[in-house]
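Colleague: There's a structure below that I have some questions on.
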Amino acid sequence: MKAELDKLVEIMDKKGMATYFTTFGKGAGKYGKRQLFTKVPESVAIAWAWRYKEAKELLYELSKYLTPEQAERRTIHFVNPALKDIPIVGSAGITPTLYGGLQLIKPGEKAPYHRHTAVNFRFILEAPEKGAYTVINGYRIELHKGDLTFQVPWVWHEHGNDGNSDLIWFAGLDAPLIAFLGGMFYEAPESKEEEENIRKSLRGSGEDANKLFGKSVRPILLSYPSYVKEFNTTYNPLVYYPFEDVINALTTLSSKENMDPYNGYVVEYINPLNGGPLFSSISASMILLPSNKILKPIRRVENAVFIVFEGNVTINVEDTDRISAEPHDVIVIPSWKRYSIENSTNSKALIFKYSDSPLFKFLGVYREEYG
Numbered sequence: 001m002k003a004e005l006d007k008l009v010e011i012m013d014k015k016g017m018a019t020y021f022t023t024f025g026k027g028a029g030k031y032g033k034r035q036l037f038t039k040v041p042e043s044v045a046i047a048w049a050w051r052y053k054e055a056k057e058l059l060y061e062l063s064k065y066l067t068p069e070q071a072e073r074r075t076i077h078f079v080n081p082a083l084k085d086i087p088i089v090g091s092a093g094i095t096p097t098l099y100g101g102l103q104l105i106k107p108g109e110k111a112p113y114h115r116h117t118a119v120n121f122r123f124i125l126e127a128p129e130k131g132a133y134t135v136i137n138g139y140r141i142e143l144h145k146g147d148l149t150f151q152v153p154w155v156w157h158e159h160g161n162d163g164n165s166d167l168i169w170f171a172g173l174d175a176p177l178i179a180f181l182g183g184m185f186y187e188a189p190e191s192k193e194e195e196e197n198i199r200k201s202l203r204g205s206g207e208d209a210n211k212l213f214g215k216s217v218r219p220i221l222l223s224y225p226s227y228v229k230e231f232n233t234t235y236n237p238l239v240y241y242p243f244e245d246v247i248n249a250l251t252t253l254s255s256k257e258n259m260d261p262y263n264g265y266v267v268e269y270i271n272p273l274n275g276g277p278l279f280s281s282i283s284a285s286m287i288l289l290p291s292n293k294i295l296k297p298i299r300r301v302e303n304a305v306f307i308v309f310e311g312n313v314t315i316n317v318e319d320t321d322r323i324s325a326e327p328h329d330v331i332v333i334p335s336w337k338r339y340s341i342e343n344s345t346n347s348k349a350l351i352f353k354y355s356d357s358p359l360f361k362f363l364g365v366y367r368e369e370y371g
């Protein structure tokens with residue numbers, strides 16, 4: 001009987017067919033398949049950590065061979081080891097849905113204009129005192145350490161460094177998801193003339209955008225920039241969040257409120273139009289964990305990435321060794337893995353976090369479990 005079943009399964013497989021028993025059900029493992037119906041979420045990704053010092057060293061080694069003009073973007077991708085064999089996702093996925101990596105722009109260099117349908121944020125890790133900038137649809141923003149800048153889908157953007165030291169940021173995108181689903185569009189100027197024409201067609205300044213939309217008011221009568229064709233609540237009109245605003249909010253919060261025992265002190269980067277997450281596919285936040293504090297364990301239906309911005313922490317992840325992390329180290333925690341964060345030093349720790357939680361919330365399957 002089993003031999004006949006195995007033969008039938010083989011025939012079906014060759015014809016691009018399968019059956020519940022070998023895919024959704026408990027028989028999947030017997031046929032080398034991953035069971036789809038599981039009692040609890042079982043991510044295809046694994047918990048992992050990347051050391052900033054090591055990645056930075058490789059990034060500078062790469063810069064010996066690739067200029068921004070040659071590479072368009074000089075980057076190091078953080079690839080989750082468990083995803084390497086998955087088409088598209090395996091080339092640059094830190095999680096099944098998210099990209100994470102470092103980009104380097106040296107003094108005098110520029111990363112040329114391009115645009116794509118994947119959303120993109122940049123969290124600044126190192127920057128000169130002045131002269132580092134990004135231009136997002138004509139809005140030029142001066143960049144400083146700790147700032148968060150981003151663009152929504154299909155927006156022209158370029159970057160440059162007129163300062164006297166190197167510019168390094170952590171970039172996060174939903175590119176693995178968008179490409180895997182078949183929704184990726186990309187465009188770059190084919191000549192210097194075309195690039196200059198694009199530059200002339202754009203207008204605005206980052207300061208104007210944040211003065212208009214970042215003060216808890218929503219303009220009703222407004223001529224939107226040309227790239228906003230209609231009002232859309234998933235569109236985020238801001239182009240950057242200054243670190244000064246974030247640290248001021250966290251400092252005030254930590255001085256007046258009791259700390260959340262599972263999350264620490266947290267502020268979220270939100271869309272001022274709807275109070276929702278940074279993007280419809282990515283949420284982002286900054287965590288302040290005071291000295292000598294240990295958070296209680298928690299698990300969530302989300303794939304989360306943590307970048308230590310300041311201080312030293314230890315992250316305890318279910319079924320994984322304790323992960324000790326220094327400034328700018330990167331840690332990924334897959335969906336439904338229980339974890340806790342501790343700061344056993346005498347100084348506070350700041351941790352930048354982003355995740356794909358908005359996707360799970362939209363689908364109605366998001367959950368949290370405490371303890």
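So the sequence shown is numbered by full-length UniProt numbering: it starts at 1 and just counts up by one. Each residue gets a CB set at the ideal place from its N, CA and C atoms; glycine is no exception.
#1: Have a look at residue 298 and residue 7 and give me their C-alpha separation to the nearest angstrom.
#2: For residue 70, count the other beta carbons within 10 Å of its own beta carbon; 16 or more makes it buried, fewer makes it exposed. Which is it?
#3: Looking at the structure shown, is residue 307 part of a helix, part of a strand, or coil, going by DSSP?
#4: May I ask you to report which of helix, strand or coil DSSP gives residue 362?
#5: Looking only at its own chain, which residues have a Cβ that is under 8 angstroms from the Cβ of residue 388, when we skip the five neighbours before and after it?
#6: May I ask which residues mark the beginning and end of the beta strand (DSSP E) holding residue 134?
#7: In or out: residue 346 buried (at least 16 other Cβ within 10 Å) or exposed?
#8: Looking only at its chain, what residues have a beta carbon closer than 8 angstroms to the beta carbon of residue 186, apart from the 5 residues adjacent to it on each side?
#9: Just verifying my parser: in three-state terms, what is the DSSP assignment at residue 121?
#10: Does DSSP put residue 90 in a helix, in a strand, or in coil?
#11: Under 8 angstroms, do residue 327 and residue 308 count as touching if we go by C-beta distance?
#12: Count the CB pairs spanning the region 151-167 and the region 248-267 that are closer than 8 angstroms, and state whether there are at least three.
#13: Using the DSSP secondary-structure output, state which residues sit across from residue 103 in a beta bridge.
#14: Between residue 231 and residue 280, what straight-line distance do the alpha-carbon atoms span, to the nearest angstrom?
#15: The alpha helix (DSSP H) spanning residue 176 covers which residue range?
#16: Return the first residue and the last residue of the alpha helix (DSSP H) that residue 372 is part of.
#17: Whose C-beta lies closer than 7 angstroms to the C-beta of residue 384 among residues of the same chain, with five residues either side of it excluded?
#18: Alpha carbons only, please: which of 315, 304, 305, 303 is nearest the one belonging to residue 295?
#19: Counting C-beta neighbours from all protein chains within 10 Å, is the total for residue 190 16 or more, i.e. buried, or is it exposed?
#20: In terms of residues, what are the limits of the beta strand (DSSP E) holding residue 380?
#21: Output the distance between the C-alpha atoms of residue 229 and residue 174, rounded to the nearest integer angstrom.
#22: Let me make sure I understand the geometry here. Which of 193, 172, 331, 323 has the alpha-carbon closest to that of residue 45?
#23: Please state the DSSP three-state secondary structure of residue 268.
#24: In the DSSP assignment, find the unbroken alpha helix (DSSP H) run with residue 14 in it and report its ends.
#25: Going by Cα to Cα distance, which pick from 266, 112, 269, 152 is closest to residue 198?
#26: Under a three-way DSSP split, which group does residue 18 fall into?
#27: With DSSP collapsed to three states, give me the class of residue 35.
#28: Under the assumption that residue 10 contacts residue 68 (Cβ atoms under 8 angstroms), give the Cβ distance between them as a whole number of angstroms.
#29: Could you check the C-alpha separation between residue 101 and residue 77 for me, to the nearest Å?
#30: Would you tell me roughly how many angstroms separate the C-alpha atoms of residue 98 and residue 50, rounded to the nearest one?
#31: Apply the 10 Å Cβ neighbour rule to residue 306 and answer buried if 16 or more other Cβ atoms are within range, or exposed otherwise.
#32: Please report the straight-line C-alpha distance between residue 13 and residue 80, rounded to a whole angstrom.
#33: Give the DSSP-derived three-state secondary structure of residue 60 in the structure shown.
Modeller: Concretely, from the data shown:
#1: 45 angstroms
#2: exposed
#3: strand
#4: helix
#5: Outside the displayed range of the chain (1 to 371) lies residue 388, so it cannot be described from this structure.
#6: 132-136 is the extent of the beta strand (DSSP E) around residue 134.
#7: exposed
#8: 114, 115, 116, 117
#9: Reduced to three states, the DSSP call for residue 121 is strand.
#10: helix
#11: yes
#12: no
#13: In DSSP, residue 103 forms a bridge with 75, 169.
#14: Annotation note: pLDDT 47 at residue 231 (below 50); position unreliable, coordinate value reported separately. Near 15 angstroms, if we compare the C-alpha coordinates of residue 280 and residue 231.
#15: Where residue 176 is concerned, the enclosing alpha helix (DSSP H) stretches over 175-181.
#16: This structure cannot speak to residue 372, because the chain is shown only from 1 to 371.
#17: Limits of the chain in this structure are 1 at one end and 371 at the other, which puts residue 384 out of reach.
#18: 315
#19: exposed
#20: With the chain covering 1 to 371 only, the question about residue 380 has no answer from this structure.
#21: Legend: pLDDT at residue 229 = 46, less than 50; position of this residue unreliable, value from coordinates given subsequently. Their Cα atoms are separated by approximately 22 angstroms.
#22: The option with the nearest alpha carbon to residue 45 is 331.
#23: strand
#24: Counting along the chain, residue 14 sits inside the alpha helix (DSSP H) bounded by residues 2-14.
#25: 112
#26: coil
#27: Coil at residue 35, not helix or strand.
#28: The pair is not a contact, with the Cβ atoms about 51 angstroms apart (cut-off 8 angstroms).
#29: 4 angstroms
#30: Taking the Cα positions, residue 98 is about 16 angstroms away from residue 50.
#31: buried
#32: 29 angstroms
#33: DSSP, reduced to helix, strand and coil, places residue 60 within a helical segment of the structure shown.
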